[in-house]
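Okay, so here's the structure we're looking at.
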Amino acid sequence: MSTMLPFAQIEARPNYLNVDYGWKSWLFTTDHKRIALLYLFSITAFFFVGGAFAVGMRLNLLTPDGLFAHDTYNKLFTMHGIIMVFFFLVPSIPATLGNFLIPIMVGARDLAFPRINLLSWYLYIIGGVIALAAIAQGGVDTGWTFYAPFSSTYSNTHVILTAIGVFVSGFSSILTGLNFIVTVHTMRAPGMTWGRLPLFVWGHYATSLIQVLGTPVIAITLVLLGLERILHAGIFDPALGGDPVLFQHLFWFYSHPAVYIMILPGMAVISEIVACFSRKAIFGYTFVAISSIAIAVLGFLVWGHHLFVAGQSMYASVVFSFLSFLVAIPSAIKVFNWTATMYKGSISYETPMLYAFGFIGLFTMGGLTGLFLATLAIDVHVTDTYFVIAHFHYVMVGGMVMAYMGGIHFWFPKISGRMYPENWARFAALIVFVGFNLTFFPQFILGYQGMPRRYAHYPPEFQVLNVMSTAGASILAVGYVLPMIYLAWAWRKGPKAPQNPWNAKGLEWEQSPTPPPTFNFETQPVVTEPAYNYSGEEEEVQRG
Amino acid sequence: MGVFDIFPARASAAAGNVDALYAFLLVVGIGMTAIIFFFVFLFAVKYRRRNADDPAPRAIHGSLPLEIAWSVAPFLIMLVMFAWGAKLYFDNYTPPLRDTFDVYVTGKQWMWKVQYPTGQREINELHVPTGRPVKLILASEDVIHSFYIPAFRLKHDVVPGSYQTYWFEPTKPGRYRIFCAEYCGTNHSDMGGWVTVMDPHDFAEWLTGGTGGSMKEQGEKLFQQYGCVTCHVTDREGRSPSLLNIFGKPVVLDDGRTVLADEAYIRESILNPNAKIVKGYKRDIMPVFQGQINEEGLLQLMVYIKSLSPPVSAGKESSK
Amino acid sequence: MSQHVVSVKLYAKVFGALLALTITTVAVSKLDLGEFNVIAAISIAVIKATLVALFFMDVRHATSLTRLVVGAGLFWLAILLLLVLTDYASRGWFPGPHWL
Amino acid sequence: MADAKAAVAVHDAGLRHHFDDSAQQFQSSTIGMWVFLVTEIMFFGGMFAAYTVYRGLYPDAFASTSRFMNVTIGGINTAVLIFSSFTMVLAVRSAQLGQKKALIIFLVLTLILGSVFLCLKYVEYHEKWVDHHVPGPAFQYADSRYFHQAQILFFLYFAMTGMHAIHMIVGAGLLITLIVMAARNSFSRGWYTPVEMIGLYWHFVDIVWIFLFPLLYLIGRPK
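Chains as they are written, first to last, in the numbering used here: chain A, 1 to 544; chain B, 1 to 320; chain C, 1 to 100; chain D, 1 to 223.
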C-alpha cells in the first residue's frame, strides 16, 4: 500500500483535474480520464433527452385514445429508441468508466491511441448533433429499427439525416473498441497476466470485440438504406424485386450483438462491486472471464430470433432458436457465480452493493424472459408485443442502467476525489428499484394479453395496466433525477475522499492516488498477487 | 378477460398448447428467479458485515463440479423448451394439405382486406367456422404488416412480395380482436378488427348471404386474358407444364429439387417463372408478370388454379 | 521494427504469380463450366488474396496475435454469409417435415 | 483516423510518451491497424452478403448483365492495382533499409498507379452513365424480363465499386502525406511505422478489388 497522505495535502497535489484549466484543456485533451468525463457529461445529456421522450410516451399511454396525434407518438417512440440505444446504452459504461479505468487497471499511463480516443468523442458528438438536428426538423417515425420498405419508400420523415447521425456515432464505438483491444493486449503492467486482469477489463475486452466486429455491418446497412431511399433501386423494396427480410438480417446481425455491447460492461461493473463489498475473491474467476468472451462470440450467432415471424424460413428459425438458448448459458453462469461469491462473505450495504443486488435480481428476470422469446411457439405469440418491451427493459434498465449507476457511485471517489452522500444515494437506489418494477412488470402481463408494441391508441381493456406503468415511470424519473442533484453537489462540496474509501483491491484503488495524476501512477506499478486477493493469501492460488 | 389475467381468451386448440408451454416456462422462470432472490437475500443477511473491522473472509476460488452442474442443468431444461417450442411452431405454421377453409387476407396501409373463396369481401372483419381448419393466405400491398390474433396465439408478418400462411382450428364461438403487430406507419394502431368465430350452421348461413362474383370466375377471366390457358391447359405441344391436378402435390424441378406446389410456388412462378423450372421444360419461355398483375388479381388467379385441382375424394385422410 | 527484409526477387515472383492468376481467372471465365465457373472464380480470388496477405502484408512473419486477428475477421465474415444463407437456402424446402 | 497514425517524432525516434519502448508502440500500431482492417472486412462483408443473396435469388438476371461489364477495363484495373501493391511493398522495403530516395520513388509510383485505376474507373462509370445503367429513375435495360433484377445488380455494382473507389481516394491522400513526410526526412531505419501501416491499408484495398473483379465482371454464361 503506498503511503497515505494526510488529507490537507491531497487537494494541493497536482491531479488530472487541477493540472490545467480552460476549455482548451478539455476540448483538446488526450488524457483518457478527461475524455471519460467529456463522455460522462454528453451521455448524461442524451440520457435525459431520451428520457424526456419516454415521459411523453407514457403520458400518451395513460388513456386508450392517447394524448398526442398518431404521428407525434410514432416520432416519440422512434426517437426514444434511437437516442437511448445509439447515444446512451452503447457508449455509456465503456466510454465513461471504461475509458477512465482500463488504463489504470492494467497499469498503463494511457490508452494505446490517445488521439483516436479524442477523435472517438468528437465523432460521438458530431453524430449526436446530426441526430438532434433531425429531431429538431421533425424527427423520424420508422422506429429505431428502420425496417424497409417503410423506411426506404413510404416514410416521408428525416430517415437519411438520422441514419447519417447513427452512422457517424457508430465509428465512435468502433474506435473505442479498437483502443481497448490494443491497450489490453500490449500495455499491461509487468506481472499483470491475463489471469490477473480484473473482470472489469475482461468484460470490456469482450465488449470491444463486438463493437469492432459488429458495428461496421450496421454502418454499411444504413448506407444501403440511404442509397435505396434516394435511388429507389429496389435492394430492399419488394415491389422492385428486393427482399425486405435481407434488411432485417443485416440490421439484426449488428443489433443483437449490440445488446451484448450494452450488457457486458454492466456485468463487468457488477463483478467488481460484488467482490469488493463481499470482501471476497470472485467465485469461479476463470468461468466469469471466459463467459464474457463466450457471450461476445455466441452473441453473433443468434440474431435470427428477431425474424421468427418475419418470413424467415422455418428451418433457419429452428437453428437460431437453438443457438439463442446456447447464448443464455454464459449469462446464467455469471449470475450463479456472483451469488456464490456472496457465500461466506462479509457483505456491507453501501449504494453500489444495493445497485448490484438490484442488477442480479432484475437481470435474472430479464434473462429468463429472454428464454421465453427464444422458444419458437411462445415468440410467435408475444413478439412485437409489450412482452418484448418488458423483456429488454428488464435487461437494459434493470440491468445495464443499474450497473451504470452502481459503477458511477463505486468509482465516484476515485473520479472526483470526493464522497457522495450515502443515505441520499441509498434512498435513490430504492426509488429506482421500486419505480422500475412498477413500470415494467405490468408490461409482461400486457404482452401476453396481446397488446402490440408501438401503439398510439390501444383497446380499453389494457388501460389499467398502462396506468400502473405510467405511475411507475414517474417514480423512476424521480429516482434518476436524485443522483443528478446530489452527485453534482458532492462534486464540489462533498467530503474529501481517502485514496481507497472501500478498501478495494485493484491497481486503480491501491496504487493510484485519488484523484489520479495525469499519468495515473507515481511509480510504474508491478502486480504480484492475483485479482480480488481480499483474503490476503500470499502465493498464487489455483484458479477455480 | 380480466385485467390481471395472465392467460387471455383462448379460442383454438393450438392456443391451449401454447398456453401449456407458457405455463411450463412460467414455472421454470419464477422458480429460477425465486432461487436467485432467496440466495442473494439469505447471503446478504446471514453474512452481513457486523462491524467494520471483521476479519476478511477466507477466499473460495470456485469449484469445477458446481460450475459444470449449473451449466448442464439449465441447458437440459432449455432443450425441453426448445424442442417443445419448435414442435408447436411447425404445427401452427404448416397448414394441413387438404380440405382447409382458405381465406385470403391482404394488408394495406392501415386496413385488412379479407376475401373468401365464395367471393365475399370484408374490411377488418373475419368470419370463421368452428371445428374446421382455417388456412389464412396473407399478402401485403405496401409495407410489412403482421396479422395477429391473440385469441389463437398466432401472428405472421405479412411481407409484400410473397405469401405467408398459417392456420388454426377455432373451437370457441365469439368475437376476438385482430391487431397489426408490425409497425407500418401513421395509423398502425388503428389497423385492427374483429374475428367472429361461428358454429358451422350459423357460418353456412352467413356464407350464403353476401355473394359477389366468386373469385373463381374472376380468376378464370384473368386466366384467359393473360393467355395462360393457351399453354397450360389446352396446349399439348409440351412447351409448359399442365396446371391440372398439381396443387398441393410435390413438383420435381430441373435442378433436382422437390418443391411443394403451394400458393407461394404458384405466385413465384407467375411473377418470376425462371426462379423454379419444372424438370423437362426449358427456361425463358414464359413471360415475366412481375408488376403487371396486382395482388387482388393474383389471388383470384390462385383460386382458379386451385379449382383446376379438385380435392381428392373425401375418404382419403389429409396428411397433416 | 520488423527486422527481416525480404528480397525484391521474391516480391517480383509473387507479383508475377498474381498477374498470371488474373489472366487465368479471365480465361477460365470464358469456358462454360456451369456451376464451376463461380467456384473457380472465387477460389482463384482466394489464392490471390492469400498471396497478397502472406507476402505483401507480411502475415508470414507476423505475431500469432496478428494471425488471430486476421482469422477472426474471416471467421466473422463467414458467420455473416453462412447464417444469412441458411435462411435463403432453406426457404423453398418442403414446408412440413413429417418427422417432427 | 489516418492522421493519428502519422505520429510526430518526439524523442527516441517517434516514441510517444505513454509507451514504454518503441517495440511496444510498433506492436500496438500493427494490431491496431489489423483490427481496423477487420472492421473494413465486415464493412465490405455486408455488401458481399447482399450480393451473395441476390445472386442466389436471380442468377439469370445477373448473368445477363455481364454483357454490359467491360471486362477489359476491369482486367487492366486489376493488373494496375496488383502492380501498385508491388510498388507499395517495395516502398515499405526501402523504408526498412532507410533508402529515402527509393522510398519516395516507389510511393510516387504507387500514387500514379492508383490514379490510373481511378481514371479507368471514371471511364467505366461514364460508359455506364451513357448506357443508362446507373440505378435510379433514368435506369434502362435491354432485356425487359430482368429490368428490376438488373437494377439491383447495378445498384450493388455501383455501391461496391464506389465504396472501393472512395477507399482508393483516401489511400491516395495517405500516400501524398507519406511522400511529404518522407521528403521531410521524418522516417528512418528506426521508425517508419506510418509507411508500413498505410502499406497494409493499400494491400487490403487491393484484396477487396481482387474479390470484386471476378464477382462483378466474370459472372456471365458464355454465349
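In this text, a Cβ means the ideal position worked out from N, Cα and C, and glycines have one as well. This one's a predicted model, so the numbers in the text were calculated from it and none came from an experiment.
CB contact check: residue i to chain C, cutoff 8 Å
i         : result
ARG257(B) : yes
THR52(D)  : yes
PHE440(A) : no
LEU376(A) : no
GLN312(A) : yes
HIS203(D) : yes
CB-CB length for residue i against residue j, believed under 8 Å
i         : j         : result
PRO530(A) : ARG196(A) : 6 Å
ALA151(B) : ALA11(B)  : 4 Å
TYR448(A) : ILE6(B)   : 6 Å
ALA477(A) : ILE270(A) : The Cβ separation is near 24 Å, so there is no contact.
HIS32(A)  : ASN117(A) : 6 Å
TYR104(B) : ILE137(B) : 5 Å
LYS572(A) : ILE35(B)  : Residue 572(A) lies beyond the residue range present for chain A, which begins at 1 and ends at 544; the question has no answer from this structure.
LEU373(A) : VAL382(A) : 7 Å
Amino acids of chain C, ordered along the chain, whose beta-carbon sits closer than 7 Å to that of residue i
i         : result
PHE171(A) : Correct list: empty, because the minimum Cβ distance to chain C is about 17 Å.
PHE300(A) : TRP76, ILE79
ALA316(A) : THR86, ASP87, SER90
Chain B contact for residue i (CB, 8 Å cutoff)
i         : result
GLY92(C)  : yes
GLN449(A) : yes
ARG58(A)  : no
THR63(C)  : no
ILE347(A) : yes
ASP131(D) : no
ALA131(A) : no
Chain-ordered chain D contacts of residue i [CB-CB under 9 Å]
i         : result
ASN245(B) : Going along chain D, no residue has its Cβ under 9 Å from ASN245(B), so there is no contact; the nearest lies around 29 Å.
Within chain C, partners of residue i - CB distance below 8 Å
i         : result
PHE106(D) : Chain C residues near PHE106(D): none, gap ~11 Å exceeds 8 Å.
Residues that residue i contacts on chain B, provided the C-beta gap is smaller than 7 Å
i         : result
ARG145(D) : VAL288
Chain-ordered chain C contacts of residue i [CB-CB under 9 Å]
i         : result
VAL180(D) : Result: empty, since nearest Cβ-Cβ is about 21 Å, beyond 9 Å.
CB contact check: residue i to chain A, cutoff 8 Å
i         : result
TRP194(B) : no
ILE79(C)  : yes
GLY136(D) : yes
VAL128(B) : no
LEU83(C)  : yes
Within-8 Å CB hit, residue i to chain D
i         : result
ILE39(C)  : no
LEU19(C)  : yes
THR24(C)  : no
LEU307(A) : no
LYS48(C)  : yes
Contacts that residue i makes with chain D (C-beta to C-beta distance below 7 Å)
i         : result
ALA233(A) : PRO135, GLY136, GLN151, ILE152, PHE155
ARG229(A) : Those do not exist, as ARG229(A) stays about 12 Å from chain D at its closest Cβ, beyond 7 Å.
Chain D residues whose Cβ lies nearer than 8 Å to that of residue i
i        : result
ALA72(C) : VAL38
Amino acids of chain A, ordered along the chain, whose beta-carbon sits closer than 7 Å to that of residue i
i        : result
ALA49(D) : LEU250
Cross-chain neighbours of residue i in chain B, by beta carbon under 9 Å
i        : result
MET84(A) : Those within 9 Å of MET84(A) in chain B number zero; the least Cβ separation is about 17 Å.
Chain-ordered neighbours of residue i on chain B, where CB pairs are closer than 8 Å
i        : result
MET79(A) : Simply none; closest approach about 14 Å.
- Name the residues in the region 469 to 503 of chain A whose C-beta lies less than 7 Å from a C-beta of chain B; which are they? Those residues of the region 469 to 503 of chain A that come within reach of chain B (Cβ to Cβ, closer than 7 Å) do not exist; the list is empty.
- Task: Could you run through the region 355 to 373 of chain A and flag, in chain order, every residue whose CB is less than 8 Å away from some CB of chain B?
- Result: Cβ contacts with chain B: PHE357, ILE360, GLY361, THR364, MET365, LEU368, THR369, LEU371, PHE372.
- Task: Residues of the region 287 to 313 of chain B with a CB closer than 8 Å to any CB of chain D: list them in chain order, please.
- Result: Those would be PRO287, VAL288, GLN290, GLY291, in chain order.
- Query: Going along the chain, which unbroken runs of the alpha helix (DSSP H) with 4 or more residues stay wholly within the region 233 to 321 of chain A?
  - Reply: Listed in chain order, the complete alpha helix (DSSP H) runs (minimum 4 residues) inside the region 233 to 321 of chain A are 244 to 278, 285 to 298.
- Query: Which whole runs of the beta strand (DSSP E) in the region 38 to 116 of chain D are 3 residues long or more, in chain order?
  - Reply: Taking 3 residues as the shortest admissible run, the region 38 to 116 of chain D contains no complete beta strand (DSSP E) segment at all.
- Continuous beta strand (DSSP E) assignments of at least 3 residues falling wholly in the region 236 to 273 of chain B: DSSP runs (the beta strand (DSSP E)) wholly in the region 236 to 273 of chain B: 250 to 252, 258 to 260.
- Contact list for the region 249 to 264 of chain A against chain D, Cβ threshold 7 Å: Flagged, chain order: LEU250.
- Item | Contact list for the region 175 to 201 of chain A against chain G, Cβ threshold 8 Å | You won't find chain G in this structure, because its protein chains are A, B, C and D.
- Interfacial residues, the region 11 to 33 of chain D to chain A, with Cβ spacing under 9 Å: For the region 11 to 33 of chain D, residues whose beta-carbon sits nearer than 9 Å to a beta-carbon of chain A comprise ARG16, HIS17, HIS18, PHE19, ASP20, GLN24, GLN25, GLN27, SER28, SER29, ILE31, GLY32.
- At 3 residues or longer, and completely inside the region 10 to 62 of chain B: list those beta strand (DSSP E) runs for me, N to C. Under the rule that a run must span 3 or more residues, no beta strand (DSSP E) segment is found entirely inside the region 10 to 62 of chain B.
- Given a limit of 8 Å on CB to CB distance, which residues of the region 94 to 121 of chain D reach chain A? Result list empty, no residue passes.
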